[in-house]
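To start, the structure itself, in structure tokens.
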Amino acid sequence: MADNSDTQHDVGAWRDELPRATTIDGAAEALAVSRGTVLRMISDGELRAVKLRSRVVIPIAELRRLLDVSEAA
């Protein structure tokens, strides 16, 4: 039988990482704005969103980028 301990460890480590994306509601909470504001930001091109079938998610990296720009201003 093959030793899969490395593969199992890698999968376990991946599960423990922070989420790579969030929902529109999650982004609104993180940015302390309304859901409508997040939708306008996406529509205006200020915030990148990814559509996965019928679901829209926002990469966490986008939230970090936006918050970093806001802090610098």
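When the letters of the sequence shown are read in order and numbered with my numbering, they come out as residues -2 to 70.
Glycine is no exception: its CB is placed at the ideal position from the N, C-alpha and C atoms.
Roughly how many whole angstroms lie between the Cα atoms of residue i and residue j?
i	j	result
VAL54	ALA25	12 Å
ARG52	ALA69	32 Å
ALA58	ALA46	11 Å
VAL66	PRO56	16 Å
LEU49	ALA18	11 Å
ASP41	GLY23	19 Å
Cβ atoms of residue j and residue i: under 9 Å apart, would you say?
i	j	result
LEU28	LEU60	yes
LEU64	LEU44	no
Can you give the beta carbon distance from residue i to residue j, rounded, assuming they're within the 8 Å contact cut?
i	j	result
ARG32	ILE21	6 Å
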